[in-house]
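Have a look at the structure below, then the notes.
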Amino acid sequence: MTAMPAANPFDLTGRVAVVTGGTGVLGGQMAEGLARAGARVAVLGRRRDAGEERAAALRETGAEAMALAADVLDEGALRAARDEVVGRWGRVDILINAAGGNVARARTDGVPPFGMPMDAFDEVVKLNLHGSVAPSLMFGAAMAEQGKGSIVNISSMAAMQAISGVLGYSVAKAAIDNFTKWLAVDLARKCGAGLRVNAIAPGFFLAHQNRGVLVNEDGSYTDRAKTVIARTPMGRFGAPEELIGAVVFLCSDAASFVTGTVLPVDGGFSAFSGV
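Structure follows, in structure tokens:
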């Protein structure tokens, strides 16, 4: 039996975290939370200027932070980003796969899915599935060399039950759940028990990508938003900072025997039958 360390098991001091999609609302909050827990944070996004802006904001709080420029679907760019962070900080301990989102052309709100363009379906699946698999394999290789690391994927309520209008997104997130379990098993058995892979499944949070379908121009909630809140026992949307506790837990020694799990952070949405 491995004893729990006497020090704060949630402390991430000295660890190096890479957050893909770290310039977004939810990814940015996760990056901030990891920094507050003591981690050095590399913010990875397609635009270096946006990453530099986020990293600068983290440094203003006293954290160590840097920006990495890469498309999560570009293997060469990911390799260069990995080499950059390892060259500067010597290791990678944490990967948060927060890059993702829906594609407007792949939505089928209020209509049957027959007219959905297949290239739009492919685009949303690649962004949300391939865009987590590729970074996991690239940065996971660095973790395997050091024998320890934690990968956290982002699942969704759409992986657990049918949510209208988002076929491609739902398919990709369901695959994320399976990928999380598969990679957790494979890495622990082949690379050592110090490598862990988990996911969080956020409920409904207001972000740039979904604001247009949840909030009217006058600031009132759409019918879809009202339905979501009616199905959420806590009766509200989540605040982005409410993801931080789950992420820090899964990345820390407090979760040293936790791998292959998907943790809902959803105000009870996934537990409620609607009755």
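Going by the working numbering, the first residue of the sequence shown is number 2, and it counts up by one from there.
Think of the CB as a built atom: it goes at the ideal place given N, C-alpha and C, for glycine as much as any other residue.
Close-in-space but distant-in-sequence residues of the same chain around residue i (CB under 7 Å, 5 per side omitted)
i	result
residue 172	126
residue 159	167, 170, 171, 174
residue 225	214, 215
residue 30	241, 242, 244, 245
residue 103	125, 167, 170, 210
Pick from the options that is closest to residue i, judged by C-alpha positions
i	options	result
residue 105	235, 222, 242, 210	210
residue 269	243, 245, 235	235
residue 1	136, 205, 111, 217	In the structure as shown, the chain starts at 2 and stops at 276, and residue 1 therefore has no counterpart that could be examined.
residue 193	98, 149, 71, 77	149
residue 275	232, 48, 61, 110	232
residue 48	42, 71, 58	71
residue 147	196, 223, 246, 109	196
residue 17	86, 102, 212	86
residue 161	273, 242, 119	273
residue 92	83, 99, 98	83
residue 75	97, 134, 115, 121	134
residue 164	115, 130, 111, 129	111
residue 267	253, 242, 46	242
residue 130	179, 90, 115	179
Cβ shell of residue i (< 8 Å), same chain only, five flanking positions each side left out
i	result
residue 199	151, 152, 153, 154, 181, 185, 251, 256, 259, 260, 261, 262, 263, 264
residue 229	205, 215, 238, 270
residue 240	206
residue 223	214, 215, 216, 217
Residue i and residue j closer than 8 Å at C-beta
i	j	result
residue 277	residue 28	Nothing about residue 277 can be reported from this structure: the residues present for the chain run from 2 to 276 only.
residue 79	residue 144	no
residue 38	residue 66	no
residue 11	residue 248	no
residue 55	residue 44	yes
residue 157	residue 203	yes
residue 8	residue 20	no
residue 132	residue 188	no
residue 24	residue 52	yes
residue 244	residue 201	yes
residue 95	residue 40	yes
residue 26	residue 208	yes
residue 107	residue 124	yes
residue 128	residue 101	yes
residue 109	residue 119	no
Start and end residues, alpha helix (DSSP H) containing residue i
i	result
residue 80	76-90
residue 119	119-126
residue 59	49-61
residue 247	245-252
residue 35	26-37
Limits of the beta strand (DSSP E) - the one that residue i falls within
i	result
residue 46	41-46
residue 21	17-21
residue 98	95-98
residue 130	Residue 130 -> no beta strand (DSSP E), and no H or E assigned at all.
residue 70	66-70
residue 263	263-266
Close-in-space but distant-in-sequence residues of the same chain around residue i (CB under 6 Å, 5 per side omitted)
i	result
residue 60	66
residue 14	39
residue 122	107, 169
residue 81	none
residue 50	none
Return the chain-ordered ranges of every beta strand (DSSP E) run that is complete within the region 146-231 and spans a minimum of 3 residues. 150-155, 196-203
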